[in-house]
Every structure is written in structure tokens, then in C-alpha cells.
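34 is the number of the first residue of the sequence shown in my numbering; add one for each residue after it.
Think of the CB as a built atom: it goes at the ideal place given N, C-alpha and C, for glycine as much as any other residue.
Below is one structure, written out as C-alpha cells, with a few remarks after it.
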Amino acid sequence: MALVCVGVSFLFLLFAGAKEADRARDRATGAWSRVVPLIREGPLPAVLEKGRVEAIQVLNAHGRPVAATRGLVGKPPMATFLPASSNVRAARVLCPPAGLKGCMTVVSYKVYQPDGIWPLYIAVPIVPWYGDVTALLLAVCVSVVVTTMMTAWVFRDLTKVVTPMNAIRTELAEITATRLDRRVPVPQYGRYSELKCLAETVNGTLDRLEGAYKQLRQFTSDASHDLRSPITAMRVQLDDALMYPRDTDWPKMTKEVLAGLDRLQAIVTDLLTLARLDAHAPLSREVTDLSELAGAEVKRRAYRVEIVKDLQPNVLIDCDRLRVTRVLVNLLDNAERHATSKVTVSVRAEGSAAILEVVDDGAGIALEHREMVFERFTRLDASRDRDSGGTGLGLAIAREIAEAHGGTLTIQDSERGARFVLRVPVHGAVSPA
Ligand SMILES: Nc1ncnc2c1ncn2[C@@H]1O[C@H](COP(=O)(O)OP(=O)(O)OP(=O)(O)O)[C@@H](O)[C@H]1O
Ligand SMILES: [Mg+2]
């Protein structure tokens, strides 16, 4: 801004200088038109009026001064140069012209007389490039005022930005893992909507962080609780056995403790699986026929209910067989646990997706619980009554496995019971980025 101001002032001064030079030329021309008739027609007084120039001197054809303004009367010629032969006018800066003080522009004219050329010299002050001091002062003053005003304006604007920025920074600095409920102030007024956007984005990020942190805390406390319960139960059993060794049925007690250890092992394995999935551990993928995999899993063991298979052959997917089997096992276990008499397993290809459905004829899952059951350690009340064995991690793991394969695992509407739908890209399909 200051540079623009200096540039404009410079142009203004150049313009003022040009104007002032024009005026000096006009003054010299005015003096010339006043004196030339006196030379030509007479009478030419020995002392000439100065008018608006510094000095005038007329020489005769022999180069002797015959008339001059007051200070030059009786003095030698102030200059000796004449315009070139084709010109009637020439100007030079002389420092100083003879008989005068200081540098001046001397304009020389040729006046043609019957006895020869009479030189006429007119001295005018030198015009500096900036015109005159007034123009220079004006330019400097205006530049200073404009620069000061602009600086003040920019400073005021900067203050408007810096103050809310500082407020955001201070608040952010005070937010810690234990105080994640705090939010940065959102500036409500002012021209800078970017600041409002920044504050809102920061608050959005804090919302998500707080949510993730709460989830993590909940997960840790649920995991600790689920690990502690079997440990406490086993401890009580062992204490009792040691206190009353004779009354203890040792084989029975050992079996019960082993069952508790199995449960502990299952939870720890599930937690490890989740940790690996969270860390996006690489999958060992291979081309697999999903129908074949589902068929083999159904055949692997006997079920309490009837299992109906509807498996379209050659539904190929790129998958980690162990992981997808983990999904199948959990879906089949859940379905068997909740079915009344029948579970249907179907596999088909639909466009670029391979679809596996596990449908049971049990009580189903209410609409409001259909997302909740995928959260870690979620077990609906009905299941707690039915079987205390589950940890509530199965579906969370299954969904993470589906997503790691670029697919989804959801619960869809069905006429009766629960309908779990696994959708993964078929072999060769471009998986979504
Ligand atoms: N087919 C189903 N019908 C009704 N409710 C179901 C069905 N499948 C799952 N659920 C509900 O979802 C909850 C979560 O299932 P999930 O598989 O995650 O845990 P789980 O089976 O209880 O334990 P585990 O970790 O051993 O699998 C179950 O406890 C149950 O309440
Ligand atoms: Mg389960």
C-alpha cells in the first residue's frame, strides 16, 4: 500500500514538474513577446521591466548589451550561446549566468534586425523535476496521511482477526483428554467467515474426538468388566475348593474352571482380533467361492435347528478365508441361538456384489437396536436371559471384517426373525476407494 502511495506521489510530482516547466516556458515566451516589439519598433529603454522572469538582457548585432533588467544594467552578457542556425530559440542551464546568482535556465532568442541578429537572453528559475516545493510538500503530506490511515485500517482489521484467533488458541491449549467437553468460541460477527468456519470445524473435530474417547472409555470399562467376572467366579470356586478340599468334587470344579478359562480366552482372542482390525492389519486374501465356504461351515457341526441352504455356485470373492469364516460362524451361532426352528443361509451374486444372508425365524431385532448390536459388548436383554455365554463382540468384529473387505454387514427387514446381510465385492470388481 505504501509502495502504491509512493508511486502515485511520484507520478503526481512528475506531472507537477511538467506543468511548472510549461509555466516557466510561458513566462519566457511572455517576456520575449513584450521585448521583441520594443527592439523592432523602439523605443528600447536601457532598463527593462522584469515582469515574471528573473532577468532579461538584449545585445545588439555586435554582441554588446543595450538593454537589461535592473540588476544587469552595465554588466557583460549573461550568456554567449545562440540558437542553432535553423532555430530561433535555445535554452541552457547556467550556473550561474554572468552577473546573476545561482543556477538558472537561460533562454536565448534570435531577433532579426536590419544590422544583423540581436541576441535576447531571458533567465527563468530552474524548474526541479517535482515542480515546486508546494507540490512536494502536498505529495509528502498526502502520502503520510494516506499511509497512516491505511496502516491504522489494516491494524484494526488485523486486531479483529487476531483477537478471536487468540481466543480459539487459548481454549484449544486448555483442552485435554479429561476436558474434551470444552469447545472453542465461534465468532458470531465480523467480516471473516473463514474464522467462523475454522472454529466450527475445530468444534466438529472435538465432537468426534469426544465421541471416540467416550467409546474408548466405555470399551475399556466393558472389557475390564467382562474379564473380571469369570476371574472372580473362578477365584471363588478355587478358594472354596481349597477351604473344603474333602467336600469338593474336583473333576467337576476343574471342568467349571476350564470353562471359565475358555470364556476368558475367547474374550481375549476377540479383543486381539478387534485390535488387529482397528490397526488395519493386512488381510491374507485369496480367491474364494463364498457358497463353498458357507456350505462347509454349515456342514462342520450339528445344529439345534433346521438349516436351509440356498447357495448359488461360483460366487467368487477376494477374501481372507479365516476372517470371513469368523463372520459366518458368528452369524450362524447367533441365528441358531435365536431361531425357533429354522435358519436359512443363502449366497448369491448381485451385479458387482456377493451377498450372503443368514435369516432365522426367531423374535428378530427391533428397528431401534439394529445399529446398536454392532457396537462392542452390546447384548440385548433377551440374549442375556437366553444365554450368558456371549461377550457381545461377535457382530462388532463381523462388521469390521466386512468393512476391511470393502463391504458392509447390515440387518434388513424380514417377514420373521432377524435377517443379516453381508455384502462384499465379487472377485475382480473395483472396490470403492
Ligand atoms: N439372530 C439374532 N436374533 C436376535 N438377536 C440377535 C441375533 N443376533 C444377534 N443378536 C443380538 O445382538 C447381540 C450382539 O450379538 P453378538 O454376536 O455381537 O454378541 P453375542 O452373540 O452376544 O456374543 P459373541 O461375542 O459370543 O458373539 C446379541 O447379544 C443379541 O442380543
Ligand atoms: Mg454372537
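**Asked** Which two residues bound the contiguous beta strand (DSSP E) that contains A451?
**Response** A451 -> no beta strand (DSSP E), and no H or E assigned at all.
**Item:** Closer than 7 Å: D414 CB and nearest ligand 2 heavy atom
**Value:** No.
**Rounded C-alpha distance that separates R85 from Y154** = The straight-line gap from Cα to Cα measures roughly 14 Å.
**Prompt:** Out of I444, A435 and R449, which has the shortest C-alpha to C-alpha gap to V457?
**Reply:** For the set I444, A435 and R449, the Cα lying nearest the Cα of V457 is the one of A435.
**Message:** Quick check: what's the CA-CA separation for D353 versus H438?
**Reply:** Straight-line measurement puts the Cα of H438 at about 8 Å from the Cα of D353.
**Prompt:** If we call anything under 8 Å between Cβ atoms a contact, is V341 one with T373?
**Reply:** Their beta carbons are not under 8 Å apart, which means V341 does not touch T373 by this criterion.
**K52 versus G164: straight-line alpha-carbon distance, rounded** = Whole-angstrom Cα-Cα distance: 7 Å.
**Nearest neighbour of L305, chosen from L105, E433 and T138 [CA to CA]** = When only C-alpha atoms are compared, the closest one is E433.
**Message:** Using DSSP's beta-bridge definition, name the partner residues of E10.
**Reply:** Past the boundaries of the shown model lies residue 10; the chain is included only from 34 to 466, so the question cannot be answered.
**Message:** Run through the DSSP bridge pairs and tell me what V320 is partnered with.
**Reply:** Beta-bridge analysis with DSSP links V320 to D351.
**Request:** Run the CB neighbour count on A232, radius 10 Å, all protein chains shown included, and call it buried at 16 or more, exposed below.
**Result:** Buried, because 16 or more other Cβ atoms sit within 10 Å of the Cβ of A232.
**Request:** Using three-state DSSP, classify L455 as helix, strand or coil.
**Result:** Strand, per DSSP.
**Message:** Is L428 close to ligand 2? I mean its beta-carbon at under 7 Å from any heavy atom of the ligand.
**Reply:** Yes, ligand 2 has a heavy atom inside 7 Å of this Cβ.
**Span separating the alpha-carbon of A206 from that of S226** = Roughly 23 Å between the two C-alpha positions.
**Message:** Using CA atoms only, rank isn't needed, just tell me which of G107, S119, T443 and L428 is closest to D303.
**Reply:** Of the residues G107, S119, T443 and L428, the one whose Cα lies closest to the Cα of D303 is L428.
**Message:** Quick check: the Cα distance between V144 and I89, rounded to an integer number of angstroms?
**Reply:** Approximately 14 Å between the Cα atoms of the pair.
**Request:** Identify, in the order they occur along the chain, each residue of the same chain with its Cβ nearer than 7 Å to the Cβ of V37, setting aside the five sequence neighbours on each side.
**Result:** There are no such residues.
**Message:** Going by DSSP in three states, G132 sits in which element: helix, strand or coil?
**Reply:** The answer is coil: DSSP assigns G132 none of H, G, I, E or B.
**Request:** State yes or no: is the C-beta of N363 nearer than 7 Å to some heavy atom of ligand 2?
**Result:** Indeed, a heavy atom of ligand 2 lies less than 7 Å from the Cβ.
**Item:** Where the alpha helix (DSSP H) containing K52 begins and where it ends
**Value:** K52 -> alpha helix (DSSP H) spans A35 to E74.
**Sequence-distant residues of the same chain with beta carbon closer than 6 Å to A101, five excluded per side** = Taking C-beta separations shorter than 6 Å and ignoring five residues to either side along the sequence, the partners of A101 in its chain run Q90, following chain order.
**Message:** Please report the straight-line C-alpha distance between V217 and S254, rounded to a whole angstrom.
**Reply:** Roughly 29 Å between the two C-alpha positions.
**Prompt:** I434: beta carbon under 7 Å from a heavy atom of ligand 1?
**Reply:** Checking the Cβ of I434 against ligand 1 gives no.
**Message:** Assuming the contact rule is C-beta atoms closer than 8 Å, V139 and P130 should be a hit. Round their C-beta distance to whole Å, please.
**Reply:** Approximately 5 Å separates the beta-carbon atoms of V139 and P130; this is inside 8 Å, confirming the contact.
**Asked** Which residues bound the alpha helix (DSSP H) around S176?
**Response** Segment V166 to E207, the alpha helix (DSSP H) holding S176.
**Beta-bridge partners of D255, as assigned by DSSP** = By DSSP's assignment, D255 forms no beta bridge with any residue.
**Prompt:** Which word fits D393, buried or exposed, when buried means at least 16 other C-beta atoms lie within 10 angstroms of its C-beta?
**Reply:** Flag for D393 reads buried.
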